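What follows is a single structure, written as structure tokens, with notes after it.
Protein chains in written order, with our numbering: chain W, 5 to 147; chain Y, 106 to 499.
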């Protein structure tokens, strides 16, 4: 019941910006959304549903770069994954760090591994790679 | 007063997670902290893309040297989720036993180190002494004391033998009075209370903001535990409870870990009694395209793996997130405003496997001259305990 309500809420809040919903299992749901709606949906999950931000996975699918934000709603053991597809010509997205501190490290990591620019992030310096890592060389990119 | 920086880390041969903390101190008080990671970054996520699905189990087992089964456990959960298969029941029980044995030995290891940092070297020696029988159990089951290689997508790699069960049960039951002893040593000792209560506090709001996991969150009264919230393996088939404590300080973190030892022993004993006979592997043949998320409550908190398959032999993408990734970030909140002598135990309280403490060095901010090294800082922490102890005697 609670799970359906959350799925329904995300559908209503994202409206036309929701591209696809896949409920792979009872406790796993994947939403593909447009990047402009991401901060709003993340705020809903983190602030209103008190979801825990587990992590984000950046994936280079060759055609585009995807970011999957995994939110865990622990009370009902539900993982909501928000998938945002970024065109390789404009790898830019709003940072979620101002909303939740826990996004700071993973965004820095995705920035240096995939070359995604997080707008509004306080510090996008190198995190896991060394400081003199060659510019424009992204280890997890496949092009 | 001159502001100084205390670098902690980045390397220590005993730890598998090199981290570098820079404590900015004003006199005795920590006013800011910088954290750097990546000193031993191996890009295992990329290597996984060059291994087949079976080999990745062994690869991720080598991420952590202490809780070596945590990552394979989360990984096989992710593969099971990707395939949507039902794993044979006996395999689920064996997975649970391995996961819980690991929690017992890992918590005992932390308890020993925490004792050492506070100047209770007897606790250190004894905790590690009573950790040994747990490793012996691993040796009997898997042939190895670490890197057990028990996990396998769709099942487990080795069976357990019924004739070993009485010995395993006896060894674990013998451990309970020893845990009682540690419980008494920590909960009844006024000096430990004085050293650990009210320091390094994380509030419920901090827990949410930093999304910390495991005992670090449960010690702040937040009842999150993947084993209960999103049951996997045999955790919903046995009786146990989630341990929480309200304080949020170092003391609460110690209490949560000690009480969890009882729960883990309890879970293993029930699993040994309830384990059905039958196959241990579901025999996966093909990997279809798809994606899966697997989680496991490791001794330090939730491990989460995301696996994407494109129908080939190897993962198209394998994202790994260890619990310390979230917990260590919360040090920014816990350590600021505390004193240097407390920093040792606060940074150790999230159990970042080792916390680089012996690599600490106090360096003059301006001249770069070394003033104190790691041993001095541990001594500083131990002296504070000694001072408190003497004050109470008088």
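Even glycine gets a Cβ: it sits at the ideal position worked out from N, Cα and C.
Predicted, not measured: the structure shown is a model, and the values here were computed from it.
Close Cβ partners of residue i (< 8 Å) along its chain, the five nearest in sequence each way excluded
i: residue 97 of chain W; result: 39, 42, 71, 88, 90, 120, 121, 122 and 123
i: residue 108 of chain Y; result: 129, 130, 131, 136 and 470
i: residue 269 of chain Y; result: 245 and 246
i: residue 109 of chain W; result: 131
i: residue 47 of chain W; result: 103
Residue i versus residue j - alpha carbon distance
i: residue 31 of chain W; j: residue 54 of chain W; result: 17 Å
i: residue 155 of chain Y; j: residue 193 of chain Y; result: 29 Å
i: residue 140 of chain Y; j: residue 126 of chain Y; result: 5 Å
i: residue 68 of chain W; j: residue 118 of chain W; result: 11 Å
i: residue 217 of chain Y; j: residue 230 of chain Y; result: 7 Å
i: residue 316 of chain Y; j: residue 111 of chain Y; result: 27 Å
i: residue 219 of chain Y; j: residue 274 of chain Y; result: 28 Å
i: residue 277 of chain Y; j: residue 347 of chain Y; result: 20 Å
i: residue 423 of chain Y; j: residue 409 of chain Y; result: 11 Å
i: residue 393 of chain Y; j: residue 213 of chain Y; result: 41 Å
i: residue 95 of chain W; j: residue 141 of chain W; result: 14 Å
i: residue 351 of chain Y; j: residue 327 of chain Y; result: 8 Å
i: residue 198 of chain Y; j: residue 377 of chain Y; result: 8 Å
i: residue 237 of chain Y; j: residue 21 of chain W; result: 56 Å
i: residue 420 of chain Y; j: residue 495 of chain Y; result: 59 Å
i: residue 84 of chain W; j: residue 75 of chain W; result: 5 Å
i: residue 490 of chain Y; j: residue 215 of chain Y; result: 19 Å
i: residue 143 of chain W; j: residue 396 of chain Y; result: 22 Å
i: residue 303 of chain Y; j: residue 354 of chain Y; result: 5 Å
i: residue 493 of chain Y; j: residue 266 of chain Y; result: 51 Å
i: residue 271 of chain Y; j: residue 411 of chain Y; result: 38 Å
i: residue 235 of chain Y; j: residue 64 of chain W; result: 47 Å
i: residue 205 of chain Y; j: residue 18 of chain W; result: 42 Å
i: residue 47 of chain Y; j: residue 305 of chain Y; result: For residue 47 of chain Y there is no data in the structure shown, the boundaries of chain Y being 106 and 499.
i: residue 129 of chain W; j: residue 190 of chain Y; result: 42 Å
i: residue 415 of chain Y; j: residue 158 of chain Y; result: 12 Å
i: residue 301 of chain Y; j: residue 295 of chain Y; result: 10 Å
i: residue 101 of chain W; j: residue 314 of chain Y; result: 10 Å
Cβ neighbours of residue i in the same chain (closer than 6 Å, five flanking residues each side left out)
i: residue 288 of chain Y; result: 363
i: residue 23 of chain W; result: 36
i: residue 82 of chain W; result: 7 and 31
i: residue 207 of chain Y; result: 172 and 174
i: residue 413 of chain Y; result: 396, 421 and 422
i: residue 145 of chain Y; result: 123
i: residue 437 of chain Y; result: 138
Distance cut-off 8 Å: residue i Cβ against heavy atoms of the ligand HEM
i: residue 111 of chain W; result: Of the ligands one can find in the structure shown there are none, so the ligand HEM has no counterpart to examine.
N- and C-terminal bounds of the beta strand (DSSP E) containing residue i
i: residue 90 of chain W; result: 82-90
i: residue 27 of chain W; result: 22-29
i: residue 70 of chain W; result: 69-77
i: residue 411 of chain Y; result: 406-414
i: residue 119 of chain W; result: Element bounds for residue 119 of chain W: n/a, residue is neither H nor E.
i: residue 423 of chain Y; result: 420-426
i: residue 115 of chain Y; result: Note, residue 115 of chain Y: premise wrong, no beta strand (DSSP E); not H, not E.
i: residue 64 of chain W; result: 56-64
i: residue 2 of chain W; result: Since the first residue of chain W shown is 5 and the last is 147, residue 2 of chain W is not available in this structure.
i: residue 74 of chain Y; result: No statement about residue 74 of chain Y is possible, as the shown extent of chain Y runs from 106 to 499 and does not include it.
i: residue 401 of chain Y; result: 395-403
i: residue 34 of chain W; result: 32-37
Residue range of the unbroken alpha helix (DSSP H) whose run includes residue i
i: residue 368 of chain Y; result: 355-379
i: residue 449 of chain Y; result: 445-454
i: residue 286 of chain Y; result: 270-292
i: residue 339 of chain Y; result: From DSSP, residue 339 of chain Y is part of no alpha helix (DSSP H); its letter is neither H nor E.
i: residue 300 of chain Y; result: 295-301
i: residue 51 of chain W; result: Residue 51 of chain W -> no alpha helix (DSSP H), and no H or E assigned at all.
i: residue 142 of chain W; result: It is not in any alpha helix (DSSP H) - residue 142 of chain W carries neither H nor E in the DSSP assignment.
i: residue 16 of chain W; result: 6-18
i: residue 438 of chain Y; result: 436-439
i: residue 311 of chain Y; result: 309-315
7 Å Cβ shell around residue i - same chain, five flanking residues per side excluded
i: residue 177 of chain Y; result: 162, 165, 166 and 256
i: residue 381 of chain Y; result: 194 and 195
i: residue 209 of chain Y; result: 239, 366, 369 and 370
i: residue 342 of chain Y; result: 379
i: residue 134 of chain Y; result: 442 and 444
i: residue 298 of chain Y; result: 356
i: residue 92 of chain W; result: 68 and 69
Beta carbon proximity, residue i to chain A, threshold 9 Å
i: residue 316 of chain Y; result: Among the protein chains of the structure shown, namely W and Y, there is no chain A.
> Taking three-plus beta-carbon pairs below 8 Å as touching, is the region 244-258 of chain Y in contact with the region 167-184 of chain Y?
Replying inline: yes
>> For the region 178-186 of chain Y against the region 223-238 of chain Y, do three or more pairs of beta-carbon atoms, one drawn from each stretch, fall closer than 8 Å, so that the two count as touching?
In response: no
> Touching or not, the region 159-166 of chain Y and the region 251-270 of chain Y, by the rule of three or more beta carbon pairs under 8 Å?
Replying inline: yes
>> Assess contact between the region 438-454 of chain Y and the region 365-372 of chain Y, defined as three or more Cβ pairs (one per stretch) separated by less than 8 Å. Is contact present?
In response: no
>> Measuring CB atoms only, is the region 281-295 of chain Y touching the region 383-397 of chain Y, in the sense that at least three cross pairs come out at less than 8 Å?
In response: no
> Taking only runs of the alpha helix (DSSP H) that begin and end inside the region 216-272 of chain Y, which ones reach a length of at least 4 residues, in chain order?
Replying inline: 226-247
> What are the uninterrupted segments assigned as alpha helix (DSSP H) that are 4 or more residues long and contained completely in the region 131-202 of chain Y, given in chain order?
Replying inline: 149-153, 158-166 and 175-188
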